[in-house]
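In the working numbering, the protein residues as written are 34 to 256.
Given below as C-alpha cells:
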C-alpha cells in the first residue's frame, strides 16, 4: 500500500517512510508501522539496527530513541506475527548485551521451536552477555534457561550449577535462594542434603537482613 505513494529511492524516500512510521505508531496502527519499517529495511532487517527513531520527547527536551530493528519486532509481535518478529531480532549484527537481549527475546517468541534449538539460541545469548561482562544480564538469561528446562524432561543441572556459581560471583543472594528453592521443591525434607539445607537457611537469614552483603538494600548504601 505504501509503495503506491512513496517517493523514489533516496533520502526523500527514507524521510517519507520514517514519517509514515511515526504517524502509524502514534495511532497504534501496527500493520502500517511494520510495513513502513520493512520498506525502510528493503529486505535487510539488520540495516535497521543502527537507525535510531524517536519514540518519546523527554521532559528535559531531549528525545528518547530506540533501534528501528527493535521497533519492527515490537510491531510484528503486536500483530501476533511472533516468528517474523523473532527472525528480525535474530538478524542483529551487534555484539554484547544488545545482541544477547535480542536473542533471548527471540527465544521467548519462538515458543513452538524445539527445545534444543531454543537452548542453542540461549547459549549464544549467554556467550554475548558474558563477553561484555554484563553479569546481571547473564543471571537473567540463566533464569530464562532454567524456566525453559522446567517445562521439559531435561534435567536443569548445567544451567542450575552455572546460575548458582554466578550468584556467588555477583553477590546475588536472592537469585541463589530462588535456584536452590527450585531444586528443593517436591523433595522430602528428610532426604535433602544437610549442606544444602544449611546454605538455604543462611541465605534466608541474609535476605531477612537487607543491609547485609547481597541483601536487597545493600546496593543502595553509600560506599
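Ideal Cβ placement from N, Cα and C applies to all residues, glycine included.
| query | So what does residue 20 bridge to, in DSSP terms? | reply | Outside the displayed span of the chain (34 to 256) sits residue 20, for which this structure offers no information.
Point to revise | Cα-Cα separation, residue 160 to residue 99 | key: The residue given as residue 160 occupies position 127 in the chain shown. The residue given as residue 99 occupies position 66 in the chain shown. Straight-line Cα distance between these residues: approximately 24 Å.
inquiry  = Going by DSSP in three states, residue 173 sits in which element: helix, strand or coil?
reply    = In the chain shown, the residue the question calls residue 173 occupies position 140. Correct three-state label for residue 173: helix.
TODO: Sort 104, 76, 50, 182 by Cα distance to residue 63 and report the nearest one.
DONE: Working through the chain shown from its first residue, we reach residue 63 at position 30. Closest option to residue 63, Cα to Cα, is 104.
Report buried or exposed for residue 137, applying the criterion of at least 16 other Cβ atoms within 10 angstroms of its Cβ. For the purposes of this step, residue 137 is identified with residue 104 of the chain shown, where counting begins at 1. By the 10 Å Cβ count, residue 137 comes out buried.
| query | On the three-state DSSP scale, how would you describe residue 53? | reply | Reading the chain shown from its first residue, position 20 is the one you call residue 53. Residue 53: helix per DSSP, three-state reduction.
- prompt: residue 127 and residue 68: beta carbons closer than 8 Å?
  reply: The residue you call residue 127 lines up with position 94 of the chain shown. The residue you call residue 68 lines up with position 35 of the chain shown. No, Cβ-Cβ distance for residue 127 and residue 68 is not below 8 Å.
Hey, could you find the ends of the alpha helix (DSSP H) residue 123 is sitting in? Here residue 123 refers to the residue found at position 90 of the chain shown. Counting along the chain, the alpha helix (DSSP H) containing residue 123 begins and ends at 115-123.
Is residue 175 buried or exposed, if buried means 16 or more other CB atoms sit within 10 Å of its CB?
The count along the chain shown starts at 1 and reaches residue 175 at position 142. With 16 or more other Cβ atoms within 10 Å, it is buried.
I'd like to confirm the pairing. Which residues does DSSP put opposite residue 267 in its beta bridges?
Nothing can be reported for residue 267: it is not among the residues displayed for the chain, which extend from 34 to 256.
Exercise. In the structure shown, what three-state DSSP assignment does residue 109 receive?
Worked result: One-based indexing of the chain shown puts residue 109 at position 76. Looking at residue 109 - three-state DSSP - the assignment turns out to be helix.
Item to complete: From the DSSP output, in three-state form, read off residue 73 for me.
Response: Start at 1 with the first residue of the chain shown, and residue 73 comes out as number 40. Helix at residue 73.
query = Is residue 162 closer than 8 Å to residue 130 when the C-beta atoms are compared?
reply = Counted from its first residue, the chain shown places residue 130 at position 97. Counted from its first residue, the chain shown places residue 162 at position 129. Cβ distance < 8 Å, so residue 130 and residue 162 count as in contact.
Q) Is residue 135 buried or exposed, if buried means 16 or more other CB atoms sit within 10 Å of its CB? A) Your numbering for residue 135 matches position 102 in the chain shown. When all chains shown are included, residue 135 counts as buried.
Grab me the residues of residue 111's own chain with a C-beta within less than 7 Å of its C-beta, minus the 5 sequence neighbours each way, in chain order.
-> Numbered from its first residue, the chain shown carries residue 111 at position 78. Counting only Cβ-Cβ distances below 7 Å, and skipping sequence neighbours, we find 63.
**Range covered by the alpha helix (DSSP H) that runs through residue 138** = Residue numbering aside, residue 138 sits at position 105 when the chain shown is read from its first letter. Run containing residue 138: 130-142, per the alpha helix (DSSP H) assignment.
ask   = Mapping DSSP to helix, strand and coil, what is residue 64?
value = Indexing the chain shown from 1 puts residue 64 at position 31. Here residue 64 sits in helix by DSSP.
Query raised in the report: In three-state DSSP terms, what is residue 41?
Result: Locating residue 41 in the chain shown gives position 8, where the first residue counts as 1. In the structure shown, residue 41 sits in coil (DSSP, three-state: anything other than H, G, I, E or B).
Helix, strand or coil at residue 207 according to DSSP, with G and I counted as helix: As a position in the chain shown, residue 207 is number 174, starting the count at 1. With a pLDDT of 49 at residue 207, under the threshold of 50, the modelled position of this residue cannot be trusted; read the value that follows with caution. Here residue 207 sits in helix by DSSP.
DSSP three-state assignment for residue 146, whether helix, strand or coil
Stepping through the chain shown from its first residue, residue 146 is reached at position 113. Three-state result, residue 146: coil.
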